[in-house]
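Okay, structure first, notes after.
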Amino acid sequence: MGAVEGCVFCGIVAGEVAAHVVLDAPDAMAFLDVRPLFKGHTLLVPRVHYETLTDLPGDMVGPLFGYAQRLAAAMEDVLGAAGSFVAMNNRISQSVPHLHVHVVPRNKKDGLRGFFWPRHKYGSDAEAAEYAARLAAAFAG
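In UniProt numbering, the protein residues as written are 1 to 141.
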């Protein structure tokens with residue numbers, strides 16, 4: 001499938017669109033969401049463009065969710081979150097039609113209830129870069 005012209009996530013994977021990268025692996029990439037639910041909210045995408053989970057080849061499911069598992073652990077280990085929220089939309093509510101997994105740090109009484117989710121912006125680009133670097137460090141070892 002390769003890259004799809006006009007897909008912002010394909011642009012990030014290709015290095016044509018700026019992003020705060022958390023994971024840069026041969027088969028997947030993770031970067032901070034530009035509209036995070038909470039600071040550290042990360043999007044995990046396969047490098048090859050697949051629109052939905054059902055389009056993803058079966059042999060890629062395990063490796064992709066292995067990265068999601070490691071990101072969820074990093075939310076707790078590196079960011080000090082009490083837990084995480086891991087989710088994916090397929091077509092409905094999928095803001096970018098490129099398969100992506102949301103991995104969001106969670107804490108009790110953080111205000112995330114139902115589907116009316118508050119968004120929390122980074123104070124600066126430097127703060128976003130610092131969050132990305134902290135999460136990326138979990139993949140360096």
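Even glycine gets a Cβ: it sits at the ideal position worked out from N, Cα and C.
Given residue i as reference, the closest of the options once Cα atoms are compared
i: Glu76; options: Val104, Leu99, Pro63; result: Val104
i: residue 149; options: Pro57, Asp59, Leu79; result: In the structure as shown, the chain begins at 1 and stops at 141. Residue 149 is therefore absent and cannot be evaluated.
i: Ala72; options: Asp110, Ser124, Gly40, Leu112; result: Gly40
i: Arg47; options: Val34, Asp24, Asp55, Phe65; result: Asp24
i: Ala133; options: Val21, Leu43, Ser95; result: Val21
i: Pro26; options: Leu44, Asn90, Asp110; result: Leu44
i: residue 143; options: Ala82, Ala30, Arg35; result: The structure shown does not extend to residue 143, since the chain is modelled only from 1 through 141, so no value can be given for it.
i: Glu51; options: Ser124, Pro36, Asn89; result: Asn89
i: Arg70; options: Asp59, Gly58, Gly83; result: Gly83
i: Ile92; options: Val61, Lys121, Leu53; result: Leu53
Beta-carbon proximity check, residue i vs residue j, cutoff 7 Å
i: Phe85; j: Arg106; result: yes
i: Ala19; j: Tyr67; result: no
i: His98; j: His49; result: yes
i: Val96; j: Phe38; result: no
i: Leu64; j: Ala128; result: no
Reduced DSSP secondary structure (H/G/I, E/B, other) of residue i
i: Asp110; result: coil
i: Thr42; result: strand
i: Asp135; result: One detail in the question is off: residue 135 reads as Leu in this sequence, not Asp. It is helical.
i: Ala30; result: strand
i: Val17; result: coil
i: Val22; result: strand
i: Cys10; result: helix
i: Glu5; result: coil
i: Ala140; result: coil
For this session: Any chance you could list the alpha helix (DSSP H) runs of at least 4 consecutive residues sitting entirely within the stretch 46-126, in chain order?
Result: 58-77
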